[in-house]
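I have placed the structure first, in the form of structure tokens, so that the comments after it can refer back to it.
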DNA sequence: TATACACTTAGAGCCTACTCTAAGGTTTGC
DNA sequence: GCAAACCTTAGAGTAGGCTCTAAGTGTATA
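Chains as they are written, first to last, in this note's numbering: chain A, 1 to 143; chain B, 1 to 143.
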């Protein structure tokens with residue numbers, strides 16, 4: 001199966017502009033053009049774009065994704081490097097998840113706080129921001 | 001306890017430039033200035049900045065954070081709105097976590113793939129990208 | 001008193017990642 | 001054979017979020 005840029009864009013939730021931009025930036029080096037000059041996406045190219053999306057959405061800058069592509073193009077000598085790259089990315093994702101978890105606790109505190117405040121019709125200065133005060137004390141090391 | 005902009009920056013892992021930028025953008029409307037014109041951070045102001053960081057790091061644009069501040073300044077009538085704002089932010093974080101989880105699966109697949117490839121010293125085209133092929137088929141609806 | 005190191009402002013510059021426009025070529029269906 | 005709906009390029013513009021500079025003021029220590 002072969003796909004046009006528009007079909008791929010639609011399926012992956014990107015715009016055709018964005019995909020062409022990625023191509024211009026060297027992120028899609030394997031794409032061929034048909035006789036009319038239009039990009040033809042083979043299944044492998046779609047798989048590739050899915051990986052680009054995955055790396056981008058987990059916080060890897062396009063420049064670094066490009067480096068990965070260059071590693072791929074250099075052949076089997078870079079397999080170990082590529083392996084390590086994905087291991088690092090995994091650690092990065094784990095960090096992001098635990099960071100999100102940490103922020104979730106603050107948000108939950110705020111929800112509890114505003115839940116109370118809404119119930120009483122006003123901010124309760126006595127219970128206000130207990131969690132935050134604890135966090136500030138942790139950062140600054142005193143009460 | 002009172003803090004200078006430099007002390008706060010160091011503790012929160014921001015630069016003084018960034019904090020001044022936030023102030024300029026209206027994100028720190030409560031900060032007072034000392035006799036020499038320097039910003040004086042009270043404990044409440046630090047707590048406030050911690051919340052700004054929390055919202056920003058969980059993907060809220062500075063503009064929207066500013067709207068929250070404006071709600072805070074409008075008093076008790078906006079308590080319900082603020083409550084809902086944090087509830088929405090919680091949902092957003094949950095979505096981010098499940099998205100990360102989804103991408104983590106792809107990364108794990110790639111790690112397994114490269115683990116194999118490193119072991120054999122070359123890409124194995126037979127097992128290559130099985131997961132990705134499945135994903136592509138899911139998106140495009142055929143084999 | 002000198003020197004270092006804070007702090008201040010206004011405003012320019014930068015980076016990433018798009019996003020869009022203009023002008024045009026190709027393909028598809030009636 | 002022509003309109004609609006694709007596709008192409010080069011390149012300009014935009015948004016968000018900093019990041020830095022210049023020029024200056026204030027404070028603290030030797």
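The beta carbon of each residue, even a glycine, is placed where N, CA and C say it ideally should be.
- With contacts defined as CB atoms closer than 7 Å, residue 111 of chain B and residue 86 of chain A qualify as a contacting pair.
- Of the residues B:71, B:4 and B:113, the one whose Cα lies closest to the Cα of residue 38 of chain B is B:4.
- Around residue 87 of chain B, the beta-carbon contacts reaching into chain A at under 8 Å are 111.
- Residue pairing from DSSP leaves residue 113 of chain A without any beta-bridge partner.
- Using beta-carbon distances, residue 104 of chain B counts as an interface residue toward chain A, with a partner under 7 Å.
- Judged by DSSP in its simplified three-state form, residue 82 of chain B adopts helix.
- Along the length of the segment 9–48 of chain A, whole alpha helix (DSSP H) runs at least 4 residues long occupy 16–24, reported in chain order.
- Taking C-alpha positions only, residue 58 of chain B is separated from residue 107 of chain B by approximately 22 Å.
- Among the residues of chain B, those whose CB is under 7 Å from the CB of residue 80 of chain A are 118, following chain order.
- Around the CB of residue 76 of chain A, fewer than 16 other CB atoms lie within 10 Å, so the residue is classed as exposed.
- Per the DSSP secondary-structure output, residue 3 of chain A pairs in a beta bridge with A:41.
- For residue 34 of chain B, the closest alpha carbon among the candidates B:13, B:98, B:2 and B:99 is that of B:2.
- Under the 7 Å criterion on CB atoms, residue 16 of chain A is classed as non-interfacial with respect to chain B.
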